[in-house]
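Novice: So the sequence shown is numbered by the working numbering: it starts at 4 and just counts up by one.
Glycine is no exception: its CB is placed at the ideal position from the N, C-alpha and C atoms.
One structure coming up, written as structure tokens, with questions to follow.
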Amino acid sequence: MIAVETLALSPRQEARFWAKVDKSGSCWEWAGARVRGYGVFRLNGQMQRSHRVSYQIAKGDIAAGKIMDHACRNRGCVNPDHLRVVTYKENAENVCGAQKNSQSGVLGVRWSRNARAWRADVTHNGKQTLLGYFATAQDAEAVVVAKRNELFTHNDRDRQAIGPVAAPKYFRRRRPTVLGKEVSWEDINAAQAWGLTLTEWFSLTDFERSECRRNITTAPKFEVKP
Ligand SMILES: [Zn+2]
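This is the structure we're talking about:
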């Protein structure tokens, strides 16, 4: 089953949307409210991310499992021509490429025969850290990408939202921490739904985080399939 994110805007809602866009430059800057640099737009009582709305107005639906990529690296830009829809696999491969022998095709994710699950590892400064075992490669990928976003600052291509993460098959004895806070799967899902790195997520105030969590249903809807 293909889940598709569909937003039907009335002409009046479209007019209200474009009224918040400054088209004077090459990047169309969002002049309305922002969350961590991304424009947000209230539509039918729900918060949507502006660049996704713009893309859907101009180019149509976004299929499940696809993420929006700002080719211009400007989060506040809503120019549809600067937005690309890529699979998160393509996105992850843009980082530095999965190892040839990895069955998952994703850097840091491989099948563990012993655990009968997908194993996620991240290597930083020569030290490999096991992040956990997951039922699907996509879940493992979501976690390695989140962790790399926390550890690395120059992995631009990684720094995108990907689908929600199912609870891991096996928890690590000690959960990863970001900015001294223990990361829950709920945090990972919420951060990714909003296109934030975990570091950015935990730099939000408690209020901002609760607002983002409350509006989680309006963040991009993905279905993770095994
Ligand atoms: Zn742009």
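Measure the Cβ-Cβ separation of Val-24 and Val-88 and say whether it is below 8 Å.
Specialist: Sequence index remark: in the sequence shown, residue 24 carries index 21 (1-based). Sequence index remark: in the sequence shown, residue 88 carries index 85 (1-based). No, these two residues do not count as a Cβ contact at 8 Å.
Novice: Near ligand 1, which residues have their beta-carbon less than 6 Å from any of its heavy atoms, given in chain order?
Specialist: Near ligand 1, meaning a beta-carbon closer than 6 Å to one of its heavy atoms, we find Cys-30, Cys-75, Asn-77, Cys-80, Asn-82 and His-85.
Novice: Looking only at its chain, what residues have a beta carbon closer than 8 Å to the beta carbon of Pro-83, apart from the 5 residues adjacent to it on each side?
Specialist: As a position in the sequence shown, residue 83 is number 80, starting the count at 1. Only Ser-57, Tyr-58, Ile-60, Ala-61 and Lys-62 meet the Cβ criterion.
Novice: Considering only residues of the same chain and omitting the five flanking positions on each side of Ser-115, which have a CB-CB separation below 8 Å?
Specialist: Working through the sequence shown from its first residue, we reach residue 115 at position 112. Result list for Ser-115: Trp-121, Arg-122 and Tyr-136, in chain order.
Novice: What is the DSSP secondary structure of Asp-142, reduced to helix, strand or coil?
Specialist: Taking the first residue of the sequence shown as 1, we reach residue 142 at position 139. In the structure shown, Asp-142 sits in a helix (DSSP, three-state: H, G or I).
Novice: What would DSSP say about Trp-121, mapped onto helix, strand or coil?
Specialist: Taking the first residue of the sequence shown as position 1, residue 121 is located at position 118. Residue state, collapsed to three classes: strand.
Novice: Shortest alpha-carbon distance to Asn-47 belongs to which of Gly-40, His-73 and Ala-11?
Specialist: The count along the sequence shown starts at 1 and reaches residue 47 at position 44. Answer by Cα proximity: Ala-11.
Novice: Taking 6 Å as the limit between beta carbons, can you name the residues of its chain near Arg-212, skipping five residues before and five after?
Specialist: In the sequence shown, the residue the question calls residue 212 occupies position 209. Around Arg-212: no qualifying Cβ.
Novice: Tyr-173: buried (16+ other C-beta within 10 angstroms of its C-beta) or exposed?
Specialist: On the sequence shown, residue 173 is found 170 positions in, with the first residue counted as 1. Note that Tyr-173 has pLDDT 49, beneath the 50 cutoff, so the model's placement of it is unreliable and no number is given.
Novice: Suppose the cutoff is 6 Å on Cβ atoms and the five residues either side in sequence are ignored; what does the same chain contact list for Lys-194 look like?
Specialist: Mapped onto the sequence shown, residue 194 falls at position 191. At residue 194 the sequence reads Ala, which differs from the Lys that was named. Taken in chain order, the residues that qualify are Leu-201 and Trp-204.
Novice: For Trp-21, report the span of its alpha helix (DSSP H) as first-last.
Specialist: Residue 21 sits at position 18 when you count from the first residue of the sequence shown. Residues 14-21.
Novice: For the alpha helix (DSSP H) that Leu-201 lies in, which residues bound it at each end?
Specialist: As a first step, residue 201 is located in the sequence shown; it is residue number 198 there, counting from the start. For Leu-201, the enclosing alpha helix (DSSP H) starts and ends at 201-206.
Novice: So, with DSSP's three-state summary, where would you put Cys-215?
Specialist: Taking the first residue of the sequence shown as 1, we reach residue 215 at position 212. In this structure, Cys-215 counts as helix in the three-state DSSP scheme.
Novice: On the DSSP letters alone, give me the boundaries of the alpha helix (DSSP H) that Trp-188 sits inside.
Specialist: The residue given as residue 188 occupies position 185 in the sequence shown. Per DSSP, Trp-188 belongs to the alpha helix (DSSP H) from 188-196.
Novice: Can you give me the Cβ contacts of Asn-77 inside the same chain, cut-off strictly under 6 Å, excluding the 5 residues immediately before and after it?
Specialist: The residue you call residue 77 lines up with position 74 of the sequence shown. Within the same chain, Asn-77 has close Cβ partners Cys-30.
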